[in-house]
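Q:
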Amino acid sequence: MSSPHINSVKVTIHTSQFPDVIQQQLITALRNGYVPPKFLYDSVQQTQKWLHVHQVHSPSRIDPDVSRIYDAVFDHAFSQAKYNEVALIGLGCGGGKKDAKCLSKLKLETGLLHYVPCDVSQSMTLAARKEVGKKLDYNNIYPLVCDLSESDNLDQLLDDLLPFSHKRIFTFFGMIPNLDPDIIFPKLFKITRDDDDLFISANLVSGDNYHFGVENILHQYDNEETRDWLLSFLVGLGIPMEAGDLFFGIETVGGLLRVVANFRFIHSQVIHIDSETITFESGQSLRLFYSYRHTKETLNECINKYGLKIVFNEISRSGEEGVFRVKRAA
4 MSSPHINSVK
14 VTIHTSQFPD
24 VIQQQLITAL
34 RNGYVPPKFL
44 YDSVQQTQKW
54 LHVHQVHSPS
64 RIDPDVSRIY
74 DAVFDHAFSQ
84 AKYNEVALIG
94 LGCGGGKKDA
104 KCLSKLKLET
114 GLLHYVPCDV
124 SQSMTLAARK
134 EVGKKLDYNN
144 IYPLVCDLSE
154 SDNLDQLLDD
164 LLPFSHKRIF
174 TFFGMIPNLD
184 PDIIFPKLFK
194 ITRDDDDLFI
204 SANLVSGDNY
214 HFGVENILHQ
224 YDNEETRDWL
234 LSFLVGLGIP
244 MEAGDLFFGI
254 ETVGGLLRVV
264 ANFRFIHSQV
274 IHIDSETITF
284 ESGQSLRLFY
294 SYRHTKETLN
304 ECINKYGLKI
314 VFNEISRSGE
324 EGVFRVKRAA
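As structure tokens, then:
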């Protein structure tokens, strides 16, 4: 493997993450009372705070059975497969640990591996590069900064990055909760081809009562670490923590339940982004965060609705995490 201690790293940045584009997205969103999810992961500081939240509260890090379900799905997919050349494309790669696990399985069945860590955060793509670089030659890792929900030409960009014959395997781990299903599932359908594999994970709720199940996991969000992560974004904008209060709750959107965090201003605030002025009045709410929680049934309905199908899955014994192998429906 090549050494990580080099003078530079080539990172491809899609137009969806160009500075002028994301600045205008943020200004428009703030004026409409919400923060797009990607801005919570944008800076190095935000990345580190999110990784800490993930370490402390994510089922994939605190429930030892979750590792089993990832292994089971990967083993089912790869045990009988033999590939000459594979590209693993980590959509929303995060810190890259789950992609590294997938690559370890693939390495046993594949002659040559490539990895594309793709995220809205450049810091995340580099963290994933470092993690996967423990197992894979750095020369075969191609960091890509892109907002999938804002991209209509990612498939072409991947062809440009990987201009050779290869089997494509996509991962989409931990992303389902924080994106509108009516936006992201059509994007996933568009980017995948008939012979591609797509592996996704989802935070689930167990039991027969959907709403009660979501209430039971509210503490995974309403906690000191998550509050620190979310409020640090506001501080970065120039809004002091004491300007309002952060409230967590549950709301219904299109028949699905999601946890939502709103910051309610108790003092008026004025911030400036470049030459633009944004005012928040006392009593106004700003939605900082949301996270959909699915049952296995609601997730299956969303996937089927947009021309995809689950071909294999494993659910943790707690019922709070699922890993799914997905393909285009026939």
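In this text, residue positions in the sequence shown follow the working numbering: the first is 4, and each later residue adds one.
C-beta atoms are modelled at their ideal positions from N, C-alpha and C, and glycine is treated no differently.
1. Determine the closest residue to Asn87 out of Pro67, Cys96 and Thr113, with distance taken between C-alpha atoms.
2. Considering Gly114, what are the terminal residues of the alpha helix (DSSP H) in which it resides?
3. Can you list, in chain order, the stretches of the alpha helix (DSSP H) that have 4 or more residues and sit fully within the region 179–247?
4. Within its chain, find whatever has a CB closer than 8 Å to the CB of Gly216; leave out the 5 residues flanking it on each side and keep chain order.
5. List the residues that DSSP assigns as beta-bridge partners of Ala264.
6. Classify Asn181: buried if its beta carbon has 16 or more other beta carbons within 10 angstroms, exposed otherwise.
7. Work out the CA separation of Trp53 and Ser126 for me, nearest whole Å.
8. From the DSSP output, in three-state form, read off Gln309 for me.
9. Among Lys330, Val56, Ser152 and Leu116, which has the Cα closest to the Cα of Asp140?
10. With a threshold of 8 Å, are at least 3 pairs of Cβ atoms found where one atom belongs to the region 220–237 and the other to the region 40–48?
11. Kindly give me the distance between the Cβ atoms of Phe192 and Leu311, rounded to whole angstroms, as I take these residues to be in contact under 8 Å.
12. In angstroms, rounded to a whole number, what distance separates the CA positions of Glu153 and Gly325?
13. So Gln20 and Val148 are in contact, right, with Cβ under 8 Å, and what is the actual spacing, rounded?
14. Following a CB-centred definition, is Ile318 positioned closer than 7 Å to any heavy atom of the ligand PLP?
15. Three-state secondary structure (DSSP) at Thr298?
16. Let me confirm a value: Ile220 is counted as buried when at least 16 other C-beta atoms fall within 10 Å, else exposed. Which label applies?
17. So Lys330 and Leu160 are in contact, right, with Cβ under 8 Å, and what is the actual spacing, rounded?
18. Would you mind stating whether Asn143 and Tyr118 have Cβ atoms separated by less than 8 Å?
19. Pull up the DSSP beta-bridge partners for Glu330, would you.
20. I need the DSSP call for Tyr141, collapsed to helix, strand or coil.
21. Where does the unbroken beta strand (DSSP E) through Arg1 begin, and where does it stop?
22. What does DSSP give as the partner residue(s) for Gln272 in the beta ladder?
23. Under a three-way DSSP split, which group does Val12 fall into?
24. Classify Val69 as helix, strand or coil using the three-state DSSP reduction.
25. Can you tell me which of Ile313, Arg267 and Ser204 puts its alpha carbon nearest to the alpha carbon of Ser61?
A: Reading off the structure:
1. In the sequence shown, the residue the question calls residue 87 occupies position 84. Comparing Cα positions, the closest option is Thr113.
2. In the sequence shown, counting from the first residue as 1, residue 114 sits at position 111. Annotation for Gly114: no alpha helix (DSSP H) segment contains it, though the beta strand (DSSP E) segment containing it runs Thr113 to Asp122.
3. For the region 179–247, whole alpha helix (DSSP H) runs of length 4 or above, ordered along the chain, are 184–194, 213–219 and 227–240.
4. On the sequence shown, residue 216 is found 213 positions in, with the first residue counted as 1. If we look at Gly216 and ignore the five residues flanking it on each side, its Cβ neighbours are Val208, Ser209, Gly210, Arg296 and Thr298.
5. Looking up residue 264 in the sequence shown gives position 261. DSSP lists Phe251 and Phe292 as partners of Ala264.
6. Counting from 1 along the sequence shown, the entry for residue 181 is found at position 178. With 16 or more Cβ atoms within 10 Å of its Cβ, Asn181 is classed as buried.
7. Looking up residue 126 in the sequence shown gives position 123. Looking up residue 53 in the sequence shown gives position 50. Looking at the two C-alpha atoms, the distance is approximately 12 Å.
8. What you label residue 309 is simply residue 306 of the sequence shown in a count that begins at 1. Residue identity check: residue 309 is Tyr in the sequence provided, not Gln. Coil at Tyr309, not helix or strand.
9. As a position in the sequence shown, residue 140 is number 137, starting the count at 1. Considering only Lys330, Val56, Ser152 and Leu116, the residue with the shortest C-alpha distance to Asp140 is Leu116.
10. With a cut-off of 8 Å, the region 40–48 and the region 220–237 count as touching, because enough Cβ pairs lie within range.
11. Translated into the one-based positions of the sequence shown, residue 192 becomes position 189. Translated into the one-based positions of the sequence shown, residue 311 becomes position 308. That pair is a contact at about 6 Å.
12. If you number the sequence shown from 1, residue 153 lands on position 150. If you number the sequence shown from 1, residue 325 lands on position 322. Near 26 Å, if we compare the C-alpha coordinates of Gly325 and Glu153.
13. Here residue 20 refers to the residue found at position 17 when the sequence shown is read from its first residue. Here residue 148 refers to the residue found at position 145 when the sequence shown is read from its first residue. Contact flag correct, Cβ pair sits at about 5 Å.
14. Among the components modelled here there is no ligand, and therefore nothing to report on the ligand PLP.
15. Translated into the one-based positions of the sequence shown, residue 298 becomes position 295. Of the three classes helix, strand and coil, the one that applies to Thr298 here is coil, per DSSP.
16. Residue 220 sits at position 217 when you count from the first residue of the sequence shown. Around the C-beta of Ile220, 16 or more other C-beta atoms lie within 10 Å, and the residue is accordingly described as buried.
17. Translated into positions along the sequence shown, residue 330 becomes position 327. Translated into positions along the sequence shown, residue 160 becomes position 157. Incorrect: roughly 22 Å between the Cβ atoms, too far for contact.
18. The residue labelled residue 143 in the question sits at position 140 within the sequence shown. The residue labelled residue 118 in the question sits at position 115 within the sequence shown. The criterion of a C-beta distance shorter than 8 Å is satisfied by Asn143 and Tyr118.
19. For the purposes of this step, residue 330 is taken as the residue at position 327 of the sequence shown. Residue 330 is actually Lys in this sequence, not Glu. In the DSSP output, where bridge partners are listed per residue, Lys330 has Lys312.
20. The sequence position of residue 141 within the sequence shown is 138, counting from 1. In this structure, DSSP gives Tyr141 a helical state, which the three-state scheme calls helix.
21. Residue 1 is absent from the model: the chain starts at 4 and stops at 333.
22. Here residue 272 corresponds to residue number 269 of the sequence shown, with the count starting at 1. Under DSSP, the beta-bridge partners assigned to Gln272 are Phe283.
23. Residue mapping note: residue 12 aligns to position 9 of the sequence shown, counting from 1. Here Val12 carries a coil assignment [DSSP, helix/strand/coil].
24. If you number the sequence shown from 1, residue 69 lands on position 66. It is helical.
25. Here the question's residue 61 lines up with position 58 in the sequence shown. In terms of Cα proximity to Ser61, the closest of Ile313, Arg267 and Ser204 is Ser204.
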